[in-house]
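Note sheet for the following structure.
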Amino acid sequence: MKAEAYTICNAGLSAYLANEHKEYRLKSFSRGIMVGVVTTIPAYFITKYYQLPQLYAALPLTGGMLSGIYEGLTNAESNDSLHTSDFDTVCESLEEEESEDEEESEEEV
Numbered sequence: 001m002k003a004e005a006y007t008i009c010n011a012g013l014s015a016y017l018a019n020e021h022k023e024y025r026l027k028s029f030s031r032g033i034m035v036g037v038v039t040t041i042p043a044y045f046i047t048k049y050y051q052l053p054q055l056y057a058a059l060p061l062t063g064g065m066l067s068g069i070y071e072g073l074t075n076a077e078s079n080d081s082l083h084t085s086d087f088d089t090v091c092e093s094l095e096e097e098e099s100e101d102e103e104e105s106e107e108e109v
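Here the sequence shown stands for residues 1 to 109, numbered as in the working numbering.
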């Protein structure tokens, strides 16, 4: 866990934010797919029951995908201030630990 934190801090804030944006977009798209699939199943049975064109059954899936993509693209940067403060907090604590370790090693010599 600590090694991962060092890697993230060494990569920098922009790399950390880019990774968070990527994860948010993927999560939003996945949520859109799931909502689309869940709503497509009843839509399929409704189109069968009322003998509507089968294309109508695919509309919820398409809508879910598009809304997931839109939400991911437009809101990926909405939590940047929170992510930045988290990054700063973790990296500052790691730097403090590192400086304390250096001071202890200097005292031993």
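In this text, a Cβ means the ideal position worked out from N, Cα and C, and glycines have one as well.
Cβ-based burial, residue i [other Cβ within 10 Å; buried from 16]
i	result
Leu52	exposed
Gly68	buried
Ser30	exposed
Nearest-angstrom Cα separation, counted from residue j out to residue i
i	j	result
Asp80	Tyr6	20 Å
Pro60	Leu66	10 Å
Leu73	Ser105	48 Å
Glu102	Glu96	10 Å
His83	Ile41	37 Å
Glu98	Cys91	10 Å
Gly64	Ala18	24 Å
Ala3	Val37	39 Å
Thr89	Cys9	11 Å
Leu26	Tyr50	36 Å
Ser85	Leu94	14 Å
Same chain, Cβ closer than 7 Å to residue i, neighbours up to 5 away in sequence not counted
i	result
Leu44	According to the sequence provided, residue 44 is Tyr. The question's Leu does not apply to it. Excluding residues within five positions, the ones whose Cβ falls inside 7 Å are Ala57.
Glu77	His21
Phe87	Leu13, Tyr16
Ile33	Gly64, Met65, Gly68
Same chain only: Cβ atoms within 6 Å of residue i, ignoring 5 sequence neighbours per side
i	result
Glu71	Ser28
Val35	Gly64
Same chain, Cβ closer than 8 Å to residue i, neighbours up to 5 away in sequence not counted
i	result
Thr163	Nothing can be reported for residue 163: it is not among the residues displayed for the chain, which extend from 1 to 109.
Thr62	Gly36
Can you check the region 3-75 for any alpha helix (DSSP H) of at least 4 residues that lies completely inside it and give the ranges in chain order?
13-49, 59-75, all fully within the region 3-75.
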